[in-house]
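Residues in the sequence shown are numbered from 219 upward in steps of one, following the working numbering. Glycine included, every Cβ here is placed at the ideal spot set by N, Cα and C. Have a look at the structure below, then the notes.
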Amino acid sequence: MESPVHPMSSLFAQLGLPTDGAAIDRFIAEHSPLPGNVPLAEAPFWTPSQATFLRDEIREDADWAEIVDQLNTRLRG
């Protein structure tokens with residue numbers, strides 16, 4: 219499996235969130251599990267700009283899409 223173009227820490231930086239591994243793990247633990255019927259970008263913990271970024275990256279299948287998918291998977295676990 220190929221590594222995503224961007225690491226998770228870069229995605230968190232793009233979202234304006236702390237980027238160290240412990241902070242990322244803490245964020246995921248605090249917001250998991252995200253119910254299966256809630257699209258990632260519609261989760262209540264995102265700001266409007268964060269939600270727009272996530273939605274756009276998936277819709278456009280941009281280079282961020284793979285790591286956004288990985289975040290989605292981790293939040294559902």
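Would you mind giving the Cβ-Cβ distance between residue i and residue j, rounded to the nearest angstrom? I have them listed as a contact below 8 Å.
{"i": "E260", "j": "V223", "result": "The pair is not a contact, with the Cβ atoms about 24 Å apart (cut-off 8 Å)."}
Would you tell me roughly how many angstroms separate the C-alpha atoms of residue i and residue j, rounded to the nearest one?
{"i": "S267", "j": "R294", "result": "22 Å"}
{"i": "L272", "j": "Q288", "result": "12 Å"}
{"i": "I276", "j": "F230", "result": "16 Å"}
{"i": "D243", "j": "T291", "result": "13 Å"}
{"i": "E278", "j": "N255", "result": "21 Å"}
{"i": "T265", "j": "A280", "result": "20 Å"}
{"i": "Q232", "j": "G239", "result": "15 Å"}
Would the beta-carbon of residue i fall within 8 Å of that of residue j?
{"i": "L258", "j": "F245", "result": "no"}
{"i": "T237", "j": "S250", "result": "no"}
Item to complete: Could you name each continuous alpha helix (DSSP H) segment of 4 residues or more that falls completely within the segment 222-293, going from the start of the chain to the end?
Response: Listed in chain order, the complete alpha helix (DSSP H) runs (minimum 4 residues) inside the segment 222-293 are 226-232, 239-249, 266-277.
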